[in-house]
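**Q** Here's a structure for you.
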Amino acid sequence: MKQRILTALVLAPLAIGAVLWLPTAAFMALVTVVLLMGLWEWTRLVGLQHRTTRALVLAVHAAVMAALWLRPERHWLLWLLGAGVAWWLVAAGWLTRTRLGREPGRGSLAAKLLAGSLMMLPTWAALGWLHADGTLGPRWTLFAVMLVWAADTFAYFSGSRIGGPKLAPRISPGKTWAGFFGGLVGAALICVPAAPLLGLDGSALPALLLLGVATALASVLGDLFESLIKRHSGAKDSGHLIPGHGGMMDRIDSIVAALPVFALGKVWLGL
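If you read the sequence shown in my numbering, its first letter stands for residue 277, the second for the next number, and so on.
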């Protein structure tokens, strides 16, 4: 735990600084590297063994990201965000069946690779969309990420202090319903002080609260889904890149679910 805290104290300020102060082009270059690192770990988790094949998968995704950057058509980005949100609705059904002991199989390699695409590409689109959206774009981007951080932090402390019934013992035995609801409360709480910093008045607070809770819900899906895939592969962590935190995918599993929901919800709610 001590190592986890020390690592977080170093990485969190760097991440915040990158979101707030890097130009969008530089920020998206960094995002691309992070997501491709996560995808590299994902390809190993789902069963791709040959490094050449895994590198080819990364090259295809990098090419798609480059094409989206060169021609960022609004309708294509919206379709991509919609596809990402739709995927997480499908994943929610899969996780529910697994939690209840009715898992419909482990899924094919192709399906899991497709899941990787539907995690990384919509997240890339969401971050680009948010960060480039006017002078407040970086603030909205940071707020989206902080919703995930708040949900995770409140879930950890409420779950460890209160305990109680398990949320999904077949998938992630450490998670409790107390932690689940604590995470939703944490996400809702940071919406209140964030509203004026995002250029919103009091009338927009209900919509912002709805967006915050929906984003926190999605972050739980991302965490649970990666836990399920790690159980399938027999892995404890996706990698060993970050001391005390496992691999890159272990750090972004919640974000890749939450960001498409946040970005599309922001558009839908008119925020």
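By construction, the Cβ of each residue, glycine as well, lies at the ideal position given by its N, Cα and C atoms.
Tell me where the beta strand (DSSP E) around LYS451 begins and ends.
**A** On the sequence shown, position 175 is the one that residue 451 refers to. First-last of the beta strand (DSSP E) with LYS451: 448-452.
**Q** Counting beta carbon pairs with one atom in the segment 323-343 and one in the segment 448-462, are three or more of them shorter than 8 Å?
**A** Contact between the segment 448-462 and the segment 323-343 is absent, because fewer than three Cβ pairs lie under 8 Å.
**Q** Cα separation between LEU406 and TRP297?
**A** As a first step, residue 406 must be located in the sequence shown, where it is residue number 130. As a first step, residue 297 must be located in the sequence shown, where it is residue number 21. About 14 Å.
**Q** Go ahead and label TRP400 buried or exposed: buried means 16 or more other beta carbons lie within 10 angstroms of its beta carbon, across all protein chains shown.
**A** Here residue 400 refers to the residue found at position 124 of the sequence shown. Counting Cβ neighbours within 10 Å, TRP400 comes out buried, since at least 16 surround it.
**Q** Only counting the same chain, and skipping five residues up and downstream in sequence, which positions put a Cβ closer than 7 Å to that of LEU290?
**A** Against the sequence shown, residue 290 aligns to sequence position 14. Nothing listed; no residue qualifies.
**Q** Give me whichever residues DSSP pairs with ALA391 in a beta bridge.
**A** Sequence index remark: in the sequence shown, residue 391 carries index 115 (1-based). ALA391 pairs with nothing; no bridge assigned.
**Q** Assign ALA470 to one of three DSSP states: helix, strand, or coil.
**A** As a working note, residue 470 is residue 194 in the sequence shown. It is helical.
**Q** In chain order, what residues of the same chain lie with their CB nearer than 7 Å to the CB of LEU485, ignoring the 5 residues before and after it?
**A** By 1-based counting over the sequence shown, the position of residue 485 is 209. Excluding sequence neighbours, LEU485 sits near ALA464, CYS467.
**Q** Give me, in chain order, the residues of the same chain whose beta-carbon lies closer than 8 Å to that of LEU353; leave out the 5 immediate sequence neighbours on both sides.
**A** Within the sequence shown, numbered from 1, the residue matching residue 353 stands at position 77. Contacts found: LEU344, ALA401, GLY404, TRP405.
**Q** Under 7 Å Cβ to Cβ from GLY546, same chain only, skipping five residues before and after it: list those, please.
**A** Position 270 of the sequence shown holds residue 546. So the list is empty, once near-sequence residues are dropped.
**Q** Taking only the alpha-carbon atoms, compute the straight-line gap between MET341 and SER393 and give it to the nearest angstrom.
**A** In the sequence shown, the residue the question calls residue 341 occupies position 65. In the sequence shown, the residue the question calls residue 393 occupies position 117. Roughly 11 Å separates the two Cα atoms.
**Q** Exposed or buried, TRP363, counting other C-beta atoms within 10 Å across all chains shown (16 or more means buried)?
**A** By one-based count along the sequence shown, residue 363 stands at place 87. So TRP363 ends up on the buried side.
**Q** Give me the Cβ distance between VAL424 and SER530, rounded to the nearest whole Å; I'm assuming they're in contact under 8 Å.
**A** Your numbering for residue 424 matches position 148 in the sequence shown. Your numbering for residue 530 matches position 254 in the sequence shown. Going by Cβ atoms, the distance from VAL424 to SER530 rounds to 5 Å, so yes, they are a contact pair.
**Q** For the ligand ADP, is there a heavy atom less than 7 Å away from the beta-carbon of ARG415?
**A** With respect to small molecules bound, the structure shown includes none, and the ligand ADP cannot be examined in it.
**Q** Using 8 Å for Cβ pairs, my map puts ALA294 next to LEU306. What's the rounded Cβ distance?
**A** In the sequence shown, counting from the first residue as 1, residue 294 sits at position 18. In the sequence shown, counting from the first residue as 1, residue 306 sits at position 30. The Cβ separation is near 6 Å, so the contact holds.
**Q** What residues in its chain sit with their C-beta under 8 Å from that of PRO380, if we drop five residues either side in the sequence?
**A** Translated into positions along the sequence shown, residue 380 becomes position 104. Confidence at PRO380 is low in this model, with a pLDDT of 47, below 50, so the placement of that residue is unreliable and no value is reported for it.
**Q** Give every residue of the same chain whose Cβ lies closer than 8 Å to the Cβ of ALA368, excluding the five residues on either side of it in the sequence, and list them in chain order.
**A** As a position in the sequence shown, residue 368 is number 92, starting the count at 1. So the list reads LEU497, once near-sequence residues are dropped.
**Q** Measure the Cβ-Cβ separation of LEU385 and GLY323 and say whether it is below 8 Å.
**A** What you label residue 385 is simply residue 109 of the sequence shown in a count that begins at 1. What you label residue 323 is simply residue 47 of the sequence shown in a count that begins at 1. Cβ distance < 8 Å, so LEU385 and GLY323 count as in contact.
**Q** Assuming SER509 and LEU321 make a contact with CB atoms under 8 Å, what is their CB distance in whole Å?
**A** To locate residue 509, count along the sequence shown from 1; it is residue 233. To locate residue 321, count along the sequence shown from 1; it is residue 45. At roughly 5 Å, the Cβ-Cβ gap stays under 8 Å, so SER509 and LEU321 are in contact.
**Q** Output needed for ILE292: all residues of its chain with C-beta closer than 8 Å, excluding positions within five of it in sequence on either side, in chain order.
**A** For this step, residue 292 is matched to residue 16 along the sequence shown. Hits under 8 Å: LEU418.
**Q** So, is LYS388 buried or exposed, given that buried needs 16 or more other C-beta atoms within 10 angstroms?
**A** The residue labelled residue 388 in the question sits at position 112 within the sequence shown. It counts as buried.
**Q** For LEU443, report the span of its alpha helix (DSSP H) as first-last.
**A** Indexing the sequence shown from 1 puts residue 443 at position 167. Looking at the DSSP string, LEU443 is not in any alpha helix (DSSP H); the run it does join, the beta strand (DSSP E), is 442-444.
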